[in-house]
Structures are given as structure tokens and as C-alpha cells.
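2 protein chains.
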Amino acid sequence: MNDTTKRPLTLRDVSEASGVSEMTVSRVLRNRGDVSDATRKRVLAAAKELGYVPNQIAGSLASQRVNLVAVIIPSLGNMVFPEVLNGINQVFDATPLQPVVGVTDYLPEKEERVLYEMLSWRPSGVIMAGLEHSDAARAMMKNAGIPVVEIMDTDGRAVDSMVGISHRRAGMEMAKAILKQGYEHIGFLGTKMPLDHRARKRFEGLTEGLGKAGVEIEARDFYEGGSALAKGREMTQTMLEKNPDLDFLYFSNDMIGAGGLLYLLDQGIDVPGQIGLAGFNGVELLQGLPRQLATMDACRLDIGRQAAQIIIDRNVDGADQAPVHTTLTPTISFGDTLRRDRRV
Amino acid sequence: MNDTTKRPLTLRDVSEASGVSEMTVSRVLRNRGDVSDATRKRVLAAAKELGYVPNQIAGSLASQRVNLVAVIIPSLGNMVFPEVLNGINQVFDATPLQPVVGVTDYLPEKEERVLYEMLSWRPSGVIMAGLEHSDAARAMMKNAGIPVVEIMDTDGRAVDSMVGISHRRAGMEMAKAILKQGYEHIGFLGTKMPLDHRARKRFEGLTEGLGKAGVEIEARDFYEGGSALAKGREMTQTMLEKNPDLDFLYFSNDMIGAGGLLYLLDQGIDVPGQIGLAGFNGVELLQGLPRQLATMDACRLDIGRQAAQIIIDRNVDGADQAPVHTTLTPTISFGDTLRRDRRV
DNA sequence: ATGAAAGCGCTAACAC
DNA sequence: GTGTTAGCGCTTTCAT
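So the sequences go chain by chain: S and U.
Residue numbers for the first sequence follow the numbering used here, so the first one is 1 and each next one is one higher.
Residue numbers for the second sequence follow the numbering used here, so the first one is 1 and each next one is one higher.
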């Protein structure tokens, strides 16, 4: 166990300690090319003995290859994104590629900064949440000369590849399901729009889906900050007091939906008889509530997996393949808060 | 907007486009040294026009400085860690330092691999969750020649600096509070131990605190995997069926505690009169439940902040200062599930 | 205020 | 199977 020396160890140190050329040491450490078993052992022993850790900065500069993949997402607090990351990790675990996560807090300027920072490490790919970006960000991704996958959402134009679901479609499907069950007076509760394009698209999809049947959203409310569960409670109360005729509430995420559900149960209101509810995401976290909230799976794990796979493929095949555009189909789960059987 | 060229742009390209030497271009781009306003503008214009993104790999190799800080945590799904990351981000946002997150899934071997990977990028510091590590990992941190801060937990020996709370102490404080309120038949529900040292320490602290008063834990159960809320429900039901005399349940985290709470409310059991409950963490997420679960704040944001600050300080002062060891004091919140007033 | 030369620690390419 | 040479794209240092 070397110590005292402040200077980090280099290949040369291992070379000298083992009496083998730097080049051969390098080969051993990377399992490249033929090295005799004897020297291999000597090198490995010396490296371990010294506690040598290779310098990837130098290595990457020399080889012009970086095993990093930039993953840029709006938030870690959202539950959605950690699961996407799990999918990405699962796939990259079998490869030398390493995801590096950057967080934008839903701010376009921060997204731009984070992207710039990450590109300056010359990663082997970019996985970016969403399709809405500043012109500068889009230009950077276009000119980076590496595979780019935009994830989560497919309602829009991608710079390169994309994998996700149509949130507009998701909203429309939910509209269909709601109408089919005979609900007619619908309220929407969500996050403040400008920050979250996917929630906005679900809202638009819902509006459109209802509109085709001549139904209009009768009330809407948007929150910002705070505990989603508590906000769901408050907003639901407020909305129902103002609009006692509502018979269905669509929430832009499961957490506020759960808050709404808890409020209605407290009030002894019949769910889904008197009022139906639905959220979005299929958050596993919420299994265990008194009733299961109707929701729609966002295919998070799968999105992560496929995005990672695209990065891998394009690093192999060369980047001049046609971009991959994949739209997954979320499944609706009725839970206990959306009637299943009523005929129209 | 340059395109078509697959080769990434270099300083030289900007130099040629602006008719200024590479060196001066470099100075402009980093705001270093004196550059006349005229040339600065020309360079900036050329760089923007071309869409040049500096190569930090080359830059870091040359300058022997890397603005990356390795942050190694067990999981992103845990709610606890994203908030620590927020604290870290808040502090680093005012500096050129960039956190890079690695996830270990609570596996020592993976922790070792992740650490090795990150050290090979020669970061300016390491922030590592927990005090329990493999010998190899500890050796790497010791020999890396950079500031290391172990976070979350202070019950043990740190490689260098540490910031956290005493989970053993937290368990003992909870024991005191429980006894003071007159509860005497206590059950513990937690995660499988070997994976989570901090939960284990809280359990040991609780046991010890109760033991001093001659009280023993009468039932315990540990879960693995699945939705914590649902598990909390099931485990609570099972435990109370087997041990109907219990009058207090201590949960190793707020999510299973919330599951237990929901179950008890369903059953119409008087909380905290007949049975008291407490969890751990102070998860904001849960505000909005019918009752507020008693819990203990783990000082997550503060831990992240202070850890980041230590890394900054040590990168300035030189690393030969004495290590910082900070133990924060978590505050207990009684919520609605732990009696406040009953005398012993 | 600007430029020229050297070199950071490693690997690609080519000898042997 | 192993060693030698050159150079990755920057920054440091020193000269002007």
C-alpha cells in the first residue's frame, strides 16, 4: 500500500515496479492484445501492490474514445426518472459504457448549460429527456457527432432518435375510457404547465378526446411546489367545493391523484360511483393505499432500456444508420377509482 | 452552424477562423489573463459561429485539474438520496465543481467498482454514503490524494472527513420518547439488515435504549423488495395478529410506517391511543396522509450541503488540514401518531 | 497583450 | 509477445 507520495501513480510507476514496458502494462490492464501469462501476472501484481488506478483522462484523450454517456433529465425527485435510469443502467451494466446524470430542474437554460458541460467531456452518446429544447441545445446535439436519443415523449420532432410514449395520445385514451364509463363532468388537476411539456400534452390530449364527444373540461387547477399528496388533497377539496357537479377528476400525476383519493375517502364520497379518479405514471410506490388509483403506465423502465440499447447499437454500427423512432403504448389500469363495466 | 464535418472542432479551428493564436483563444474561453476587448470579441464570435465546445479531456490532462466530484450513494429510489444530492448541488452551483453520481445498489462489490471507475477520472473529491466499505475501497480513498467525505452516518471510523447523524443515537432517542409516553410493548418493522447499516444501527440504538429501562422488543419483522407502503400494511397486520398486546410500532422508514398507519386507520384502531407509531426520515412526500406519522428528520439537505462545502474548502486550503467530523442532531416530530403529553 | 514550445499520461500504429 | 515512436487537444511556462 503506497502512501506518502502525493503524486498519483502512473503507468510508468507500474512499468518500473514490474520491469515491463509501459506499453505492455497498458495492454495487460486493458486485456488487449497478446501478453504472456508470466508478464501478465507480474504486471497485475505490481499494479495491485502499488494501488494503481488508471488515468482515464489520458486514456480517453489518446484513444479518442470515452465510455461515458450523458443522461439529462429534469429532476431526480420525480420518481419517474430514477426508474428510467434503472433501465439505462441495466443495459449498460453489460458494457463498458457509463451513464453520467445531469439534472435540469425543468429549466431550459440549465438544460443548455448541463448539455454543454457534458459534451465537453466528449461522451459516446446523449440520452435527453423531452423534445423541447433551446435552439442552441438542439444545435449542439446535432453537431456533436454522437448518437442522441430523446426519451419519454414522441409528440414532436427529434434531433436524432427517440423513444417514448405519446402523451397526447395518453390523454386521449384516458378521455375515451372516462367517457365510456359514462362520466360527463370532468375536472383536471395538474402541475403548472410551462415547466412540464408532457403533462401539458396529456392535458391537451384529454381536452381533444373529450371535445370529440362534445364534452368540455369544466374545471382546472394547477399547482407548483410543495408536497404533491397534500396539494392533491387541497386542490380536490377546493375544486369540488366550487364545482359540486363534477363526476370525474383527472390528475397529471399519481401523487396528487392519491391526495385527491384520500380526501374523497375521508369525506365518505363514493369512489368511483359518485366521482371517478385517474392519475398518471403507474407509480409502484402507491400500492398499499386503501384503494388503487386508476392510472396509466408510462413505460419508464422500457424507455430507459431501449434508449441505452440505441446508444450501444449506434456506437457499433457507426452513426450513419437511420434514426430510430419508437413509440411505446402505455396500458391503462383501472384500479378501484374508474368504473369498468357501465355501458354508455 | 458548422456541420457535415464529423471531426469535432478544436481550438485550432477557432484559432484559424478568428486569426488569433490558439493560446489566446484558450485564454478568452476561460477568462484567464489579459486579452484586449477587440480580440476577445472576435474569438467569442468565431467560437459561437462554429459551435465550438471545448474538450475538457484535453484540458484536464494539461492542467492536471478536474472539476468533477464523485458522489457515491446506494440508491436513487430511496427518496433520501435525491435530497442529499439537492444539497450538494445547491452548494456546487456557485462553483465550477460538478457532482457525478454513482449508484451501488447497497452492494459492496459494486461500490468498489464504481469508486474505481470514478477515481480513474481523477475527480477533485469523493462524497461517499456510509462508513462501511471493503478494505480495497477504503485503501483507494485513502491513497487517492483527494478530499473524501463520508456522509449520512457518524457511528464509526471515517477515512477522512464525515458529516451525518448518529443513527444509533436516533434509535435511542426514539426509545426514550416512546418510553416517556408510557408505551411498553414495542414491535420493530424494518428492511432486511445486512443491506442497510443505518437502519441496523437505528434498530440497535432502539434496542439499547429500551434495554436500559428493562424493556425488550417483543416482535420484529424485516422485508425485502416490493412497495414499501404495501409491505408496511401487510407486515403490520401480520405482526398485530401474532402480537395483539403491542402498543407501539417503530418502522425503519416512513414509507412502511405510512403503510402501517393506513392499515390501523382502516381497522378503526385508535392511533396513538391504543397503538403509537413512528417512522424515520421526515419524508415530505407523505404530508397529506390522513394523519401525520411521527418521525425523525435525517438532516439530508444539510448533510449534502456540508459535505459539498468540505470538498470545496479542502480544494482551496490544501488537503493537509485536519479532517472535519460533524455530527448533526436530528429532531423528532411527534405528528399525530405518538402521544405528546402522557406522564410516565 | 500575445505567441511558441513543451508536455500532461496514455494508446495507436508500427517495428522487431 | 514485446518495445518504440508519435501524438491526442489542451494548458503551463516562458519569451516577446
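For each residue, glycine too, the CB sits at the ideal point set by N, CA and C.
Here the structure is a predicted model, which is why all the values come from computation and not from measurement.
Check whether residue i and residue j have beta carbons under 8 Å apart
{"i": "Ile88(U)", "j": "Ala307(U)", "result": "yes"}
{"i": "Val150(S)", "j": "His197(S)", "result": "What sits at residue 150(S) in the sequence shown is Glu, not Val. No, these two residues do not count as a Cβ contact at 8 Å."}
{"i": "Arg168(U)", "j": "Glu204(U)", "result": "yes"}
{"i": "Leu11(S)", "j": "Glu22(S)", "result": "yes"}
{"i": "Arg305(S)", "j": "Gln98(S)", "result": "no"}
{"i": "Leu229(U)", "j": "Leu229(S)", "result": "no"}
{"i": "Leu210(S)", "j": "Leu179(S)", "result": "yes"}
{"i": "Met235(U)", "j": "Tyr250(U)", "result": "no"}
{"i": "Ile275(U)", "j": "Ile57(S)", "result": "no"}
{"i": "Ser252(U)", "j": "Asp297(U)", "result": "no"}
{"i": "Lys231(U)", "j": "Gly273(U)", "result": "no"}
{"i": "Thr154(U)", "j": "Thr329(U)", "result": "no"}
Cβ of residue i within 8 Å of any chain U Cβ
{"i": "Ile310(S)", "result": "no"}
{"i": "Asn2(S)", "result": "Note that Asn2(S) has pLDDT 40, beneath the 50 cutoff, so the model's placement of it is unreliable and the number below is only indicative. True, the Cβ-Cβ gap to chain U drops below 8 Å."}
{"i": "Tyr106(S)", "result": "no"}
{"i": "Arg122(S)", "result": "yes"}
{"i": "Val100(S)", "result": "yes"}
{"i": "Gly288(S)", "result": "yes"}
{"i": "Glu284(S)", "result": "yes"}
{"i": "Gly145(S)", "result": "yes"}
{"i": "Lys41(S)", "result": "no"}
{"i": "Pro74(S)", "result": "no"}
{"i": "Ser21(S)", "result": "no"}
{"i": "Leu206(S)", "result": "no"}
For residue i, the three-state DSSP class (helix, strand or coil)
{"i": "Ser161(S)", "result": "strand"}
{"i": "Phe222(U)", "result": "strand"}
{"i": "Ala322(U)", "result": "coil"}
{"i": "Ile151(S)", "result": "strand"}
{"i": "Ala129(U)", "result": "strand"}
{"i": "Ala213(S)", "result": "coil"}
{"i": "Asp37(S)", "result": "helix"}
{"i": "Asn243(S)", "result": "coil"}
{"i": "Tyr106(S)", "result": "coil"}
{"i": "Ile332(S)", "result": "strand"}
{"i": "Asp313(U)", "result": "helix"}
{"i": "Ser18(U)", "result": "helix"}
{"i": "Ala62(U)", "result": "helix"}
{"i": "Phe81(S)", "result": "helix"}
{"i": "Pro194(U)", "result": "helix"}
{"i": "Leu285(S)", "result": "helix"}
{"i": "Tyr52(U)", "result": "coil"}
{"i": "Thr95(S)", "result": "coil"}
{"i": "Leu249(S)", "result": "strand"}
{"i": "Ala294(U)", "result": "strand"}
Min CB distance residue i to chain S below 8 Å
{"i": "Asp266(U)", "result": "yes"}
{"i": "Leu229(U)", "result": "yes"}
{"i": "Tyr116(U)", "result": "yes"}
{"i": "Gln56(U)", "result": "yes"}
{"i": "Lys201(U)", "result": "no"}
{"i": "Lys242(U)", "result": "no"}
{"i": "Met239(U)", "result": "no"}
{"i": "Pro272(U)", "result": "no"}
{"i": "Gly164(U)", "result": "no"}
{"i": "Ser161(U)", "result": "no"}
{"i": "Ala170(U)", "result": "no"}
Cutoff 8 Å; reference residue i; Cβ partners in own chain excluding five residues on either side
{"i": "Val271(S)", "result": "Leu261, Leu264, Leu265, Leu277, Arg291, Asp336, Thr337"}
{"i": "Leu44(S)", "result": "Val28"}
{"i": "Asn243(U)", "result": "His185, Gly187, Glu218, Ala219"}
{"i": "Glu208(U)", "result": "Arg168, Gly171, Met172, Ala175"}
{"i": "Gly59(S)", "result": "none"}
Cβ neighbours of residue i in the same chain (closer than 7 Å, five flanking residues each side left out)
{"i": "Ala46(U)", "result": "Val14, Ala17, Ser18"}
Contacting residues, own chain, Cβ-Cβ under 6 Å from residue i (five flanking each side not counted)
{"i": "Asp134(S)", "result": "It should be pointed out that residue 134(S) corresponds to Ser in this sequence rather than to Asp. Excluding positions up to five away in sequence, the list reads Pro108, Glu112."}
{"i": "Pro96(U)", "result": "Asn67"}
{"i": "Lys110(U)", "result": "Thr104"}
{"i": "Tyr106(U)", "result": "Pro74, Leu195"}
{"i": "Asp160(U)", "result": "Val148, Pro323"}
{"i": "Ile310(S)", "result": "Val149, Ser161, Val324"}
Presumed contact (8 Å Cβ cut-off) between residue i and residue j, rounded CB distance
{"i": "Gly102(U)", "j": "Ala70(U)", "result": "7 Å"}
{"i": "Val84(S)", "j": "Ile303(S)", "result": "6 Å"}
{"i": "Ala137(S)", "j": "Leu115(S)", "result": "5 Å"}
{"i": "Ser124(S)", "j": "Ile146(S)", "result": "6 Å"}
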